[in-house]
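Report on the structure given below.
2 protein chains.
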Amino acid sequence: MIGNKENAPAAEIGGLHGVVGFHIRLAHGAVYRHFSETFVGLELTQKQVSVLWLVGDHPGISQIEVGSRLAMDRATTMTIVNRLQDRAFLRRERSMRDGRMQALFLTDAGKAALAKAKTCIESHEAWLKSRFTAAEVEKLVEMLSRIHD
Amino acid sequence: MIGNKENAPAAEIGGLHGVVGFHIRLAHGAVYRHFSETFVGLELTQKQVSVLWLVGDHPGISQIEVGSRLAMDRATTMTIVNRLQDRAFLRRERSMRDGRMQALFLTDAGKAALAKAKTCIESHEAWLKSRFTAAEVEKLVEMLSRIHD
DNA sequence: GCCAATTCGTTAGTAAAGCATACAAAGTGG
DNA sequence: CCACTTTGTATGCTTTACTAACGAATTGGC
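Spelled out as structure tokens, the structure:
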């Protein structure tokens, strides 16, 4: 009585099927895996791309700002910024306005990496969105926003 | 020009806002954090609860089955089963049918932990679902399933 | 029945991410 | 000026995830 239908994953998880959080975790895992495949060769993770993107949009942004917009604490933000700095994708500058802050800027290599990353994101997003209509995508984003806002 | 609106997170992330995968990641993080808060004192993670739940629903299930239904590889499944076994929540038995498999069973402690976990999940899910109508929850689950199936 | 291929479990190693704690430096307010 | 807060930094621990290798059991082709 182990449940041996050959391939109906959703039907096989039993009581877990009704748990919304469970589906979010599975969906996140699937997206993460596809992301990793798409970015093999570029060697960038979701977080790293998010940070590059954010710094690209807001040159001079502080680490704490990056962390708060991506829902990461200071220590986690540090490790990611460290990695990106080690790879010379961004640099820190002591902020003039507030000596506590590190202002973050993309290097030229960082800008190039971000540009490549954005084209990868495009195909990754196309894969993701292919299963939805435009209206559904909008609805999905709106519902997910209700969770994380 | 750093963008200093005080608290409109969604509006502040710029180009990232249009990326569906980004919202999934943020939503997952928010759910994960709330889950952790709910389960402090019970000391169980999402994965551990999922495995307990699955073994509870399917006594004698093999590790590989658990892994495939939760989208984890063998090695990852191992570490989780090991932890649960160390805490005496489940036990392995060599399968009679197939000597390669380990049949998994909940111990009494495991059944008790699962029962407690299910009540925690209930309040966690209530928190999560509170922002949606029943129809929206159904639509959300359906859309997430399209991603992970 | 026998050998090759496959499957399942296990071990070890690596890496990302998250969190807690503690400390230093810079700013703020009484 | 002194307490308090904020920001960055350093360290260490935990969970999750993956790879690669190996042994044991099973399966399939012959």
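Taken in sequence, the protein lines are chains A and B. Start counting the first sequence at 1; every next residue gets the next number (this note's numbering). Start counting the second sequence at 1001; every next residue gets the next number (this note's numbering). Heads up, the beta-carbon is just placed ideally off N, CA and C, and yes, glycines get one too. As the structure is a prediction and not an experimental result, all values here were calculated from the model.
Coil, strand or helix - residue i by DSSP
i                       : result
residue 70 of chain A   : coil
residue 144 of chain A  : helix
residue 1105 of chain B : strand
residue 25 of chain A   : helix
residue 1091 of chain B : strand
residue 10 of chain A   : Interpretation of residue 10 of chain A is limited by its pLDDT of 39, a score under 50 that renders its predicted location unreliable; the figure taken from the coordinates is listed afterwards. If DSSP states are grouped into helix, strand and coil, residue 10 of chain A belongs with the helices.
residue 3 of chain A    : Low confidence applies to residue 3 of chain A: its pLDDT is 30, below 50, so where it sits in the model is not reliable, and the reading given next is rough at best. Residue 3 of chain A falls in the coil class under three-state DSSP.
residue 62 of chain A   : strand
residue 1043 of chain B : coil
residue 1035 of chain B : helix
residue 1149 of chain B : coil
Cα-Cα separation, residue i to residue j
i                       : j                       : result
residue 24 of chain A   : residue 1041 of chain B : 24 Å
residue 1087 of chain B : residue 34 of chain A   : 34 Å
residue 54 of chain A   : residue 118 of chain A  : 12 Å
residue 134 of chain A  : residue 1091 of chain B : 47 Å
residue 9 of chain A    : residue 1149 of chain B : Unreliable placement is indicated for residue 9 of chain A, whose pLDDT of 43 sits below 50; the coordinate value is still reported in the next sentence. The straight-line gap from Cα to Cα measures roughly 7 Å.
residue 1074 of chain B : residue 111 of chain A  : 38 Å
residue 1046 of chain B : residue 19 of chain A   : 11 Å
residue 1056 of chain B : residue 128 of chain A  : 33 Å
residue 71 of chain A   : residue 28 of chain A   : 16 Å
Listed by chain order, chain B residues near residue i by CB distance under 8 Å
i                      : result
residue 125 of chain A : 1019, 1020 and 1021
residue 105 of chain A : Those do not exist, as residue 105 of chain A stays about 12 Å from chain B at its closest Cβ, beyond 8 Å.
Environment of residue i [buried if 16+ CB atoms lie within 10 Å]
i                       : result
residue 96 of chain A   : exposed
residue 103 of chain A  : buried
residue 1036 of chain B : exposed
residue 1050 of chain B : buried
residue 1077 of chain B : buried
residue 1100 of chain B : exposed
residue 125 of chain A  : buried
residue 69 of chain A   : buried
residue 62 of chain A   : buried
residue 15 of chain A   : exposed
Under 7 Å by beta carbon: chain B residues contacting residue i
i                      : result
residue 137 of chain A : 1020
residue 48 of chain A  : In chain order: nothing, as chain B lies at least about 12 Å away.
residue 31 of chain A  : 1021, 1024 and 1147
Cross-chain neighbours of residue i in chain A, by beta carbon under 8 Å
i                       : result
residue 1146 of chain B : 131 and 132
Partner residues on chain B for residue i, Cβ-Cβ distance less than 9 Å
i                      : result
residue 89 of chain A  : Within 9 Å Cβ-Cβ: nothing; residue 89 of chain A doesn't reach chain B, min ~17 Å.
residue 109 of chain A : Under the 9 Å cutoff, chain B gives no residues; its nearest Cβ is about 20 Å from residue 109 of chain A.
Contact set between residue i and chain A, taken where Cβ atoms lie within less than 9 Å
i                       : result
residue 1057 of chain B : 3, 13, 14, 15 and 16
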